[in-house]
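**Q** In the order they appear, the protein sequences are chains A and B.
The opening residue of the first sequence carries number 1 in my numbering; numbering runs sequentially from there.
The opening residue of the second sequence carries number 224 in my numbering; numbering runs sequentially from there.
Number of protein chains: 2
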Amino acid sequence: MIQLSSTEENYLKNIYRLLAEGGEKVGTNEIAALTGTKAASVSDMLKKLAEKQLLSYRKYHGVSLTEEGTKTALLILRRQRLWEVFLVEKLKFAWDEVAAIAEELEHVKAPVLVRRLDEYLGFPKFDPHGDPIPDEFGEWESSPRVLLQEVAPGKAGKVVAVTNSSAAFLSYLDKVGIYIGAKVEVLDKIEFDGSVELRIDGGKTVYLSREVAANLQVRLHPS
Amino acid sequence: MIQLSSTEENYLKNIYRLLAEGGEKVGTNEIAALTGTKAASVSDMLKKLAEKQLLSYRKYHGVSLTEEGTKTALLILRRQRLWEVFLVEKLKFAWDEVAAIAEELEHVKAPVLVRRLDEYLGFPKFDPHGDPIPDEFGEWESSPRVLLQEVAPGKAGKVVAVTNSSAAFLSYLDKVGIYIGAKVEVLDKIEFDGSVELRIDGGKTVYLSREVAANLQVRLHPS
DNA sequence: AATAAAATTTAGATTAGTCTAAAAATAAAT
DNA sequence: ATTTATTTTTAGACTAATCTAAATTTTATT
């Protein structure tokens with residue numbers, strides 16, 4: 001593995017994340033939005049990373065990661081998520097406070113540190129947001145998905161899929177503020193009609209009917 | 224406190240260290256040697272840091288830290304030393320392996336992280352090398368230290384620091400079984416060459432040359 | 001298919017940190 | 001007190017990462 005700057009690592013990580021939820025390719029504007037830069041800067045960086053064989057880049061047509069690039073991105077995510085576990089489990093931060101700090105810690109490179117940290121934490125498989133932690137080969141355990149309908153009150157998780165993709169359904173979700181990746185917390189379940197009281201992204205709460213809740217898959221946060 | 228780059232922090236920390244053992248002022252060459260740069264680069268940086276009121280700088284006459292600069296340097300040392308404690312106590316690194324890793328970790332800025340880490344480690348007062356850890360106000364417990372060379376026969380104490388950290392020296396110490404925290408008892412001092420007969424951890428005894436004894440600091444046990 | 005809109009890339013400039021080589025100032029030595 | 005040696009500073013150039021504004025390419029719309 002080549003030695004990368006923290007900046008390059010950040011680009012790689014963000015490109016990976018966009019590809020993971022998006023599709024085949026990502027464009028410079030999307031990347032710019034996520035890295036907090038401008039499309040012009042992204043263009044330059046893409047050239048550099050393509051040079052290093054970490055992504056394949058055809059001008060004006062977006063990028064995808066190479067095998068090597070994917071492996072590297074997963075290593076960075078591994079470091080980020082291990083630090084998040086540390087911050088929550090050991091230093092008692094709340095799971096929604098750790099992002100910025102882990103962002104800094106994840107760029108500490110020493111591989112032996114990552115190994116020892118992993119061991120110290122007991123080889124966790126998921127971070128406090130419920131995202132899987134890749135092992136040193138980039139493999140991870142896929143965590144079970146549950147229908148929102150099945151989630152017990154008090155539990156929190158993240159929307160990972162919809163099982164109905166009619167336009168009507170999707171635009172309803174949009175209207176109430178639910179999207180793939182939204183953090184949701186089940187506040188209550190109403191017995192007689194199976195509807196669910198839900199807090200979205202730690203903000204507003206909505207009631208979803210049983211039909212809606214039966215078409216949303218979530219991945220639960222650990223414990 | 225102004226936001227500093229990791230590079231600026233490194234300069235500050237190294238200038239502090241030179242002043243602590245040296246004297247009133249330090250020159251650009253000394254600083255360059257410690258930061259791994261050239262004197263010309265140091266000149267530029269000194270101007271910048273003087274601009275920010277962190278040190279006082281008279282051309283051609285070396286620098287000293289201002290009140291603010293000293294406070295900042297101590298905060299950086301605090302972070303470095305807390306991470307060293309973490310690496311040794313929690314991740315089971317050896318005390319002579321942690322320098323490079325702590326060097327990276329110390330530049331993670333979030334103040335709340337430092338506070339939580341301190342708490343998590345049980346508010347340690349000394350790092351694994353025996354150096355004091357400043358509190359958030361820059362104060363630290365001064366423990367009287369003596370050079371092993373100066374310790375009278377019959378006295379016992381604990382090794383708290385080495386004043387030479389060359390790999391050759393450290394590996395020699397390792398070889399004879401001396402480490403930070405080792406309990407040592409001076410059995411005899413040989414007049415004509417200044418060497419010291421030492422019992423280590425109540426076990427084996429070794430003879431250390433005057434040169435070696437002059438580079439080991441111990442904290443004497445009471446009585 | 002032609003044109004308008006959106007996205008992307010290039011060109012040229014900027015900032016932080018560094019370097020080498022030359023100039024200037026201080027310190028040491030005759 | 002001059003001269004020599006050492007240290008420090010300046011001048012000018014380089015790299016990484018960024019920006020704005022203009023040019024280009026692709027996509028969408030009439």
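Idealized CB from N, CA, C, for every residue including glycine.
Here the structure is a predicted model, which is why all the values come from computation and not from measurement.
Would A102 of chain A and L91 of chain A qualify as a contact pair, given that the criterion is a beta-carbon distance under 8 angstroms?
**A** Counting from 1 along the first sequence, the entry for residue 102 of chain A is found at position 102. Counting from 1 along the first sequence, the entry for residue 91 of chain A is found at position 91. It is not a contact, given that the beta carbons lie outside the stated cut-off.
**Q** Closer than 9 angstroms by beta-carbon distance: list the chain A residues that pair up with R271 of chain B, in chain order.
**A** Translated into the one-based positions of the second sequence, residue 271 of chain B becomes position 48. Here the sequence assigns Lys to residue 271 of chain B, which means Arg is not the residue at that position. Within 9 angstroms Cβ-Cβ: nothing; K271 of chain B doesn't reach chain A, min ~22 angstroms.
**Q** Just to confirm my understanding: we take V42 of chain A, look at its own chain, exclude 5 residues before and 5 after, and list those with CB closer than 6 angstroms. What are they?
**A** Your numbering for residue 42 of chain A matches position 42 in the first sequence. Hits under 6 angstroms: T28, I31 and A32.
**Q** Tell me which residues share the same chain as D319 of chain B and place their Cβ nearer than 7 angstroms to its Cβ, disregarding the 5 neighbours each side in the sequence.
**A** If you number the second sequence from 1, residue 319 of chain B lands on position 96. Answer for D319 of chain B: L393, listed in chain order.
**Q** So K90 of chain A contacts chain B; which residues on that side make the cut at Cβ distance below 7 angstroms?
**A** In the first sequence, residue 90 of chain A corresponds to position 90, counting from 1. The answer, in chain order, is Y343.
**Q** Which residues of chain B have a Cβ atom closer than 9 angstroms to the Cβ of A110 of chain A, listed in chain order?
**A** Locating residue 110 of chain A in the first sequence gives position 110, where the first residue counts as 1. The answer, in chain order, is A323, I324 and E327.
**Q** Could you please give me the residues that DSSP links to G157 of chain A through a beta bridge?
**A** For this step, residue 157 of chain A is matched to residue 157 along the first sequence. Note: G157 of chain A sits in a beta bridge opposite A:V184 and A:L220.
**Q** Measure the C-alpha to C-alpha separation of V184 of chain A and P351 of chain B and round it to an integer number of angstroms.
**A** Looking up residue 184 of chain A in the first sequence gives position 184. Looking up residue 351 of chain B in the second sequence gives position 128. Their Cα atoms are separated by approximately 44 angstroms.
**Q** Look up P355 of chain B in the DSSP assignment and give the residues it is bridged to.
**A** As a first step, residue 355 of chain B is located in the second sequence; it is residue number 132 there, counting from the start. In DSSP, P355 of chain B forms a bridge with B:F349.
**Q** Leaving out five residues on either side along the sequence, give the residues of the same chain with a beta carbon under 7 angstroms from the beta carbon of E106 of chain A.
**A** Locating residue 106 of chain A in the first sequence gives position 106, where the first residue counts as 1. Once the five neighbours on either side are set aside, the close Cβ partners of E106 of chain A are I76, R79, Q80 and W83.
**Q** Any chance the region 367-376 of chain B sits against the region 425-441 of chain B, with 3 or more Cβ pairs inside 8 angstroms?
**A** A contact exists between the region 367-376 of chain B and the region 425-441 of chain B.
**Q** Express the C-alpha separation of H61 of chain A and T205 of chain A in angstroms, rounding to a whole number.
**A** For the purposes of this step, residue 205 of chain A is taken as residue 205 along the first sequence, with counting starting at 1. For the purposes of this step, residue 61 of chain A is taken as residue 61 along the first sequence, with counting starting at 1. Taking the straight line joining both Cα atoms gives about 40 angstroms.
**Q** Please say whether R210 of chain A and D193 of chain A have beta carbons closer to each other than 8 angstroms?
**A** Against the first sequence, residue 193 of chain A aligns to sequence position 193. Against the first sequence, residue 210 of chain A aligns to sequence position 210. Yes, the Cβ-Cβ distance between D193 of chain A and R210 of chain A is below 8 angstroms.
**Q** In angstroms with no decimal places, state the Cα-to-Cα distance between F316 of chain B and R116 of chain A.
**A** As a first step, residue 316 of chain B is located in the second sequence; it is residue number 93 there, counting from the start. As a first step, residue 116 of chain A is located in the first sequence; it is residue number 116 there, counting from the start. Cα-Cα distance, rounded: 9 angstroms.
**Q** Against chain A, with Cβ distances strictly below 8 angstroms, would L336 of chain B count as a contact?
**A** To locate residue 336 of chain B, count along the second sequence from 1; it is residue 113. Yes - at least one Cβ of chain A is within 8 angstroms of the one on L336 of chain B.
**Q** Between the region 62-74 of chain A and the region 287-295 of chain B, do at least 3 Cβ pairs fall closer than 8 angstroms?
**A** Touching, no, given that fewer than three Cβ pairs across the two stretches are closer than 8 angstroms.
**Q** Closer than 9 angstroms by beta-carbon distance: list the chain A residues that pair up with F316 of chain B, in chain order.
**A** By one-based count along the second sequence, residue 316 of chain B stands at place 93. Correct list: V112, L113 and R116.
**Q** Would you call K270 of chain B buried or exposed, if buried means 16 or more other Cβ atoms sit within 10 Å of its Cβ?
**A** For the purposes of this step, residue 270 of chain B is taken as the residue at position 47 of the second sequence. Its Cβ having fewer than 16 others within 10 Å, K270 of chain B is exposed.
**Q** Can you tell me the Cβ-Cβ gap for R145 of chain A and A168 of chain A, rounded? I've got them flagged as a contact below 8 angstroms.
**A** Position 145 of the first sequence, counting from 1, holds the residue named residue 145 of chain A. Position 168 of the first sequence, counting from 1, holds the residue named residue 168 of chain A. Not a contact, Cβ separation roughly 23 angstroms.
**Q** Going by C-alpha to C-alpha distance, which of A:A182, A:R199, A:F126 and A:F137 sits closest to G154 of chain A?
**A** What you label residue 154 of chain A is simply residue 154 of the first sequence in a count that begins at 1. Ranking A:A182, A:R199, A:F126 and A:F137 by Cα distance to G154 of chain A puts A:R199 first.
**Q** Cα separation between P357 of chain B and V196 of chain A?
**A** To locate residue 357 of chain B, count along the second sequence from 1; it is residue 134. To locate residue 196 of chain A, count along the first sequence from 1; it is residue 196. Cα to Cα, P357 of chain B sits roughly 52 angstroms from V196 of chain A.
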